[in-house]
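Notes for the one structure printed next.
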Amino acid sequence: MHLVLLTAWTVLWFAVVEPHGGFSWHYLRTGGELIYQAGAGDGTGGLNLYAHHPELQMGPLSFLTAGLFNPFPEATGQFLAAALMSLLGLVIVVLAGRSAAYHFLGTGTNHQRLRQRVLIAGLAFIPMWIEVAVRFGHLDDVLALFFTCLAVRALTLGNAALTGAFMALAMDSKPTALAFLPLLLALPRDKWLKAGLWCAGLVAVAWLPFFLGDPQTVSAAKFAIPNHPASALRWLGVADPETPGWDRPAQAALGLALGSFAVWRGRWPAVVLLGANARIALDPSVYTYYTASVLLGTLLWDVIGQRRLVPWWSWLALLVLYGSVFAVPDDSARGLIRLAFVAVSTAIVLCAPVRERGQRGRRGGRGGRGRRRPPAHTDEGPATSPEDGSPGAGNPEDGATPWAEPPAAR
Numbered sequence: 000m001h002l003v004l005l006t007a008w009t010v011l012w013f014a015v016v017e018p019h020g021g022f023s024w025h026y027l028r029t030g031g032e033l034i035y036q037a038g039a040g041d042g043t044g045g046l047n048l049y050a051h052h053p054e055l056q057m058g059p060l061s062f063l064t065a066g067l068f069n070p071f072p073e074a075t076g077q078f079l080a081a082a083l084m085s086l087l088g089l090v091i092v093v094l095a096g097r098s099a100a101y102h103f104l105g106t107g108t109n110h111q112r113l114r115q116r117v118l119i120a121g122l123a124f125i126p127m128w129i130e131v132a133v134r135f136g137h138l139d140d141v142l143a144l145f146f147t148c149l150a151v152r153a154l155t156l157g158n159a160a161l162t163g164a165f166m167a168l169a170m171d172s173k174p175t176a177l178a179f180l181p182l183l184l185a186l187p188r189d190k191w192l193k194a195g196l197w198c199a200g201l202v203a204v205a206w207l208p209f210f211l212g213d214p215q216t217v218s219a220a221k222f223a224i225p226n227h228p229a230s231a232l233r234w235l236g237v238a239d240p241e242t243p244g245w246d247r248p249a250q251a252a253l254g255l256a257l258g259s260f261a262v263w264r265g266r267w268p269a270v271v272l273l274g275a276n277a278r279i280a281l282d283p284s285v286y287t288y289y290t291a292s293v294l295l296g297t298l299l300w301d302v303i304g305q306r307r308l309v310p311w312w313s314w315l316a317l318l319v320l321y322g323s324v325f326a327v328p329d330d331s332a333r334g335l336i337r338l339a340f341v342a343v344s345t346a347i348v349l350c351a352p353v354r355e356r357g358q359r360g361r362r363g364g365r366g367g368r369g370r371r372r373p374p375a376h377t378d379e380g381p382a383t384s385p386e387d388g389s390p391g392a393g394n395p396e397d398g399a400t401p402w403a404e405p406p407a408a409r
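Numbering follows numbering that gives the first Met the number 0, with no gaps: position 217 of the sequence shown is 216.
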């Protein structure tokens, strides 16, 4: 039933937004045409794409995918792409729920409560997903977030190769996915090398041909956009009219540092939220589709990182970051709100005390800080078995060992 409700919610938002959507789809359509040109055309396509079109800030995988819609008439291709991207939003919600179910395997988690939590968080996530997928048509963000969610699923299964491969595909879709790379550190230490090699190899396969084909490709990294008055960057004292040269590297460095610290603290489900927060804090622009990354982060944190019935971080992010766009007219005030959300959510996620999974009713234990466990609260209720075959309800008959950790939590 929760999937039926989420599907209906997605269709409703799609129907409302699609007639006025596709604001940025022309970038993907143009890139999709250029990347398939190779030696044809005027020489600005193929491997020369980024050198001659630095404004196309999407990854090669996004353009290769967008090009598949080019044989259709422009309006038809845009509609089909928007429908596919909307569907991927539903798949992400399902993947988040499945990842949480497996992550909590053997902990006595109430499976019905988990599905309710996924439903409530998903209701907040879908409107922002439609914003990025349909209103703006940013296939690059859609693919980057989708592959990141697939990486989270592979992580909970303890599959190093797939975790690394999916993270690479996320970065091949959009370079800003680099901030989510600390997810690899949540794997057991003996799997880091394997995951890293898969990730580095697939990133090289996608990006290296462009740098070898035209050394001027590096100029695309210097592309600047206006520093909007409502950006959090303004409140940090950066008054440059355009993107400072240090800004993009600082975004990546901050996201990697916060994500790595979260993993060290045993809170790897917060990596995506923290990486998205780094972008919100340091990006000179304030496009509403940026918030979709934050909502994916809150979705993962609410359903995997916590066990409260009400996933209030997802709704707080939606109301504060998206609602303020319509409710607060002053640019400077909106910038302060964005910065305040980033600061408060980052501090609470990283520093607020949580109870360790499997340590109810006792203190201490051998787990310690280094054990990567999600917090376990006592409001889950009695354990129930899954009704749809999903793992993770703590049913003694499914072979799970009580309090056993899934692979990604070891």
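In this text, a Cβ means the ideal position worked out from N, Cα and C, and glycines have one as well.
Within 10 angstroms of the Cβ of G98, are there 16 or more other Cβ atoms? Answer buried if so, exposed if not. Residue identity differs from the one stated: residue 98 is Ser in this sequence, not Gly. It is buried - the Cβ of S98 has at least 16 other Cβ atoms within 10 Å.
Taking C-beta to C-beta, are A153 and F165 nearer than 8 Å? yes
Just to confirm the assignment: which complete beta strand (DSSP E) runs, minimum length 3, are found wholly within the region 223-302? none
Assumed close pair L281, Q250 - CB separation to whole angstroms, cut-off 8 Å: 5 Å
Taking only three categories from DSSP, how would you classify P385? Confidence is the limiting factor: at P385 the pLDDT is only 37, short of 50, which leaves the residue's position unreliable and the question unanswerable from this model.
With 16 as the cutoff for other CB atoms within 10 Å, does V348 come out buried or exposed? buried
Assuming T147 is part of the alpha helix (DSSP H), what are its boundary residues? 138-155
Three-state secondary structure (DSSP) at N47? helix
Are the Cβ atoms of G88 and T9 separated by less than 8 Å? yes
Which word fits R110, buried or exposed, when buried means at least 16 other C-beta atoms lie within 10 angstroms of its C-beta? The sequence as given places His at residue 110; Arg does not occur at that position. Buried.
Interface flag, A82 vs chain D, CB-CB below 8 Å: Given the protein chain composition of this structure (a single chain), no chain D is represented.
Alpha helix (DSSP H) runs contained entirely in the region 153-218, provided each spans 4 or more residues: 159-172, 191-212
My guess is that F340 and L308 are in contact by the Cβ rule of under 8 Å, so how many angstroms apart are they, rounded? Rounded, the Cβ-Cβ distance is 23 Å, inconsistent with contact.
Could you name the residues of the same chain whose beta carbon sits closer than 6 Å to that of K190, not counting the 5 residues immediately before and after it, in chain order? A159
Rounded to the nearest angstrom, how far is the Cβ of L142 from that of L79, given a contact under 8 Å? Not a contact, Cβ separation roughly 15 Å.
With a floor of 4 residues, list each alpha helix (DSSP H) that falls wholly inside the region 49-89, ordered by position along the chain. 59-65
Look at the alpha carbon of G417 and the alpha carbon of G107, and state the distance between them as a whole number of angstroms. There is no way to answer for residue 417, as the model of the chain reaches only from 0 to 409.
For L313 versus A100, is the C-beta distance shorter than 8 Å? The question names Leu, yet the displayed sequence has Ser at residue 313. For S313 and A100, no; Cβs fall outside 8 Å.
Close beta carbons around D139, own chain, < 7 Å, minus the five adjacent residues each side: M57, G58, S61, S172, K173
Round the Cβ separation of W267 and A185 to the nearest angstrom and send it over; I've been treating them as touching at under 8 Å. 4 Å
Could you tell me which of P18, F68, V3 sits nearest to V90, measuring between CA atoms? V3
Anyone know if the C-beta pair for P283 and S218 falls short of 8 Å? no
Among residues of its own chain, excluding the 5 on either side of F260, which ones have a beta-carbon nearer than 7 Å to its beta-carbon? L349
Pick out whichever of A275, L211, L235 has its Cα sitting closest to the Cα of L46. L211
Residue of Q215, A7, P240 minimising C-alpha distance to S227: In the sequence on display, residue 227 carries His and not Ser. It is P240.
Roughly how many angstroms lie between the CA atoms of L118 and M84, to the nearest whole one? 19 Å
Between W128, T29, H1, Y49, which lies nearest to E17 when the distance is taken from Cα to Cα? W128
Which same chain residues end up closer than 6 Å to V131 when comparing Cβ atoms and leaving out the 5 residues on each side of it in sequence? H137, D140, Y288, A291
Please report the straight-line C-alpha distance between H51 and T29, rounded to a whole angstrom. 13 Å
Mark R371 as exposed unless 16 or more other C-beta atoms lie within 10 angstroms of its C-beta, in which case mark it buried. Legend: pLDDT at R371 = 42, less than 50; position of this residue unreliable, value from coordinates given subsequently. The residue is buried, with at least 16 neighbouring Cβ atoms inside 10 Å.
How about S344 and R333: do their beta carbons lie closer than 8 Å? no
In angstroms, rounded to a whole number, what distance separates the CA positions of Q215 and Y26? 20 Å
For a quick check, are the C-beta atoms of G121 and L5 less than 8 Å apart? yes
What residue from G20, V285, V271, Q36 has the CA that sits closest to T147's CA? V271
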